[in-house]
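Remarks on the structure that follows.
Numbering (the working numbering), first residue to last: 3 to 375.
Here it is, written out as structure tokens:
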């Protein structure tokens, strides 16, 4: 078969104008040249594509099929040009990052916005996924980096500890739940109605799956698009919610919500960064291997403060993310041992009765106002 893009563009114009003369003009061809190209197309496909009429032409069923595929070809070509255009402007790479709901709604916005501002030659494609789906995508080569939580098997992927977080219950100040020092998820399913995230949220899918495994379901009064919206709806008295500690602490100083720890093991979550072993992300973002090698597995914020953790821990995590993406080593990394010591001191000061495994009590917030800073 011998035909080219000029032939397909001509046939596309024929299909749109239903007139060979106008199609030839659109294609910057003479009428005899256009007629010859149409004839060659029919010979190549061994079927009639047009029916000549007194006024114009009409496509045969085979012509309709060719018109559809011609449109697809030019649509794909436009996508090709769109994808390659940034390289002509100097963009050198694109990183696909998958993250769970907690990371997406907490420190990633700060970390990535600064990274993008400081690295104009690199684009980031961020997508929210369940942790298990993230690991599968990284292993299959469908993504470059991932941030996962919980006890998900990472197989042969490179793993780096980022920080610790936990899922907690938030309730209005006048709700009966704050009288409890801790709760189990199963008990809430029997008695409470929830404010949740929408069905496309990774963390909502995770909670739905946990409830289903117990033979129960979450009674949702409303589903919203962000943790901030969820917290505001709980504040208004619509129900209770389960959110990450890192997101709930934003509302601590307002004293409009109560925080109750969950005793379920899955509620305690270590956030880890994963990437393929020997990943080539460094070729796009700069050499990240020295950062990973220098920090190792012990770089996570072990024992992060309980509810109302200080913003320093979020900033430290943001610096860590930026470094992993290839940002030049910053003082936060150069002096990380000093920062680690300062963070440990801050952790002990802020955790109060939470430290040394003492029983957590959400009502202690009323007795330690300095935690709300």
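For glycine and all other residues, C-beta sits at the position ideal for the given N, C-alpha and C. Since the model is a prediction, treat every value here as computed from it, not as a measurement.
Alpha-carbon to alpha-carbon, residue 9 and residue 40: Sequence index remark: in the chain shown, residue 40 carries index 38 (1-based). Sequence index remark: in the chain shown, residue 9 carries index 7 (1-based). One Cα belongs to residue 40, the other to residue 9, and the distance between them is close to 7 Å.
Separation of residue 260 from residue 191, as counted between CA atoms: For the purposes of this step, residue 191 is taken as residue 189 along the chain shown, with counting starting at 1. For the purposes of this step, residue 260 is taken as residue 258 along the chain shown, with counting starting at 1. Approximately 18 Å, taken between the alpha carbons.
The beta strand (DSSP E) enclosing residue 224, as first and last residue numbers: Stepping through the chain shown from its first residue, residue 224 is reached at position 222. Counting along the chain, the unbroken beta strand (DSSP E) around residue 224 starts and ends at 222-226.
Assigned secondary structure, residue 165 (DSSP; H/G/I helix, E/B strand, else coil): The sequence position of residue 165 within the chain shown is 163, counting from 1. If DSSP states are grouped into helix, strand and coil, residue 165 belongs with the strands.
Exposed unless 16 or more other CB atoms sit within 10 angstroms - verdict on residue 149: Numbered from its first residue, the chain shown carries residue 149 at position 147. Per the 10 Å Cβ criterion, buried.
Residue 58 to residue 74 span [Cα, whole Å]: Sequence index remark: in the chain shown, residue 58 carries index 56 (1-based). Sequence index remark: in the chain shown, residue 74 carries index 72 (1-based). The alpha-carbon atoms of residue 58 and residue 74 are separated by roughly 24 Å.
Whole-Å CB distance - residue 228 paired with residue 107, under 8 Å assumed: Taking the first residue of the chain shown as position 1, residue 228 is located at position 226. Taking the first residue of the chain shown as position 1, residue 107 is located at position 105. Contact flag correct, Cβ pair sits at about 7 Å.
Spatial neighbours of residue 19 in its chain, beta-carbon cut-off 6 Å, leaving aside the 5 residues before and after: Residue numbering aside, residue 19 sits at position 17 when the chain shown is read from its first letter. Within the same chain, and ignoring the five residues on either side of residue 19 in sequence, the residues whose Cβ sits closer than 6 Å to its Cβ are 25.
Under 8 Å between C-beta atoms of residue 126 and residue 118: In the chain shown, residue 126 corresponds to position 124, counting from 1. In the chain shown, residue 118 corresponds to position 116, counting from 1. If you check the CB distance, residue 126 and residue 118 come in under 8 Å.
Local Cβ density within 10 Å of residue 344, reported as buried at 16 or more and exposed below that: Locating residue 344 in the chain shown gives position 342, counting from the first residue. With a pLDDT of 39 at residue 344, under the threshold of 50, the modelled position of this residue cannot be trusted; read the value that follows with caution. For residue 344, the number of other beta carbons within 10 angstroms of its own is below 16, and it is reported as exposed.
Cβ shell of residue 36 (< 7 Å), same chain only, five flanking positions each side left out: In the chain shown, counting from the first residue as 1, residue 36 sits at position 34. So the list reads 12, 22, 25, 26, 29, once near-sequence residues are dropped.
According to DSSP, residues forming a beta bridge with residue 264: Residue 264 sits at position 262 when you count from the first residue of the chain shown. Answer is 185.
Residue 254 versus 242, 241, 237, 269, residue with shortest Cα-Cα distance: Sequence index remark: in the chain shown, residue 254 carries index 252 (1-based). Looking at the Cα atoms, 237 is the closest of the given residues.
Alpha-carbon spacing of residue 220 relative to residue 213, whole angstroms: Here residue 220 corresponds to residue number 218 of the chain shown, with the count starting at 1. Here residue 213 corresponds to residue number 211 of the chain shown, with the count starting at 1. Those two C-alpha atoms are separated by around 7 Å.
Residue from 182, 128, 54, 87 with nearest C-alpha to residue 114: Within the chain shown, the letter at position 112 stands for residue 114. Residue 128 is the option with its Cα nearest to residue 114.
Where residue 198 falls, given that 16 or more other Cβ within 10 Å makes a residue buried: Within the chain shown, the letter at position 196 stands for residue 198. The residue in question, residue 198, is buried, as its Cβ has 16 or more Cβ neighbours within 10 Å.
Inter-residue spacing [alpha-carbon to alpha-carbon] between residue 201 and residue 78: Walking along the chain shown from the start, residue 201 turns up at place 199. Walking along the chain shown from the start, residue 78 turns up at place 76. Taken atom to atom, the span from the alpha-carbon of residue 201 to that of residue 78 is near 31 Å.
Nearest residue (CA-CA) to residue 67, options 166, 160, 52, 80: Here the question's residue 67 lines up with position 65 in the chain shown. The residue with the shortest Cα to Cα distance from residue 67 is 52.
Cα-Cα separation between residue 265 and residue 141, rounded to whole angstroms: Position 263 of the chain shown, counting from 1, holds the residue named residue 265. Position 139 of the chain shown, counting from 1, holds the residue named residue 141. Spanning the two alpha carbons is a distance of roughly 32 Å.
Beta-carbon proximity list for residue 139, same chain, < 8 Å, skipping 5 on both sides: Along the chain shown, read from residue 1 onward, the residue named residue 139 stands at position 137. Cβ within range, chain order: 100, 131, 145, 148.
Nearest-angstrom Cα separation, counted from residue 61 out to residue 54: Stepping through the chain shown from its first residue, residue 54 is reached at position 52. Stepping through the chain shown from its first residue, residue 61 is reached at position 59. Taking C-alpha positions only, residue 54 is separated from residue 61 by approximately 9 Å.
Beta-carbon gap between residue 276 and residue 156 smaller than 8 Å: Along the chain shown, one-based indexing puts residue 276 at 274. Along the chain shown, one-based indexing puts residue 156 at 154. When the beta-carbon positions are compared, residue 276 and residue 156 come within less than 8 Å of each other.
Residue interval of the beta strand (DSSP E) (run including residue 130): Looking up residue 130 in the chain shown gives position 128. Residue range 124-130 is occupied by the beta strand (DSSP E) that includes residue 130.
Inter-residue spacing [alpha-carbon to alpha-carbon] between residue 272 and residue 263: One-based indexing of the chain shown puts residue 272 at position 270. One-based indexing of the chain shown puts residue 263 at position 261. Taking the straight line from one Cα to the other gives about 16 Å.
Beta-carbon proximity of residue 224 to residue 243, cut-off 8 Å: The count along the chain shown starts at 1 and reaches residue 224 at position 222. The count along the chain shown starts at 1 and reaches residue 243 at position 241. Not in contact: residue 224 and residue 243 (Cβ atoms no closer than 8 Å).
Alpha carbon of residue 249 to alpha carbon of residue 82, nearest angstrom: As a working mapping, residue 249 is identified with position 247 in the chain shown. As a working mapping, residue 82 is identified with position 80 in the chain shown. The alpha-carbon atoms of residue 249 and residue 82 are separated by roughly 39 Å.
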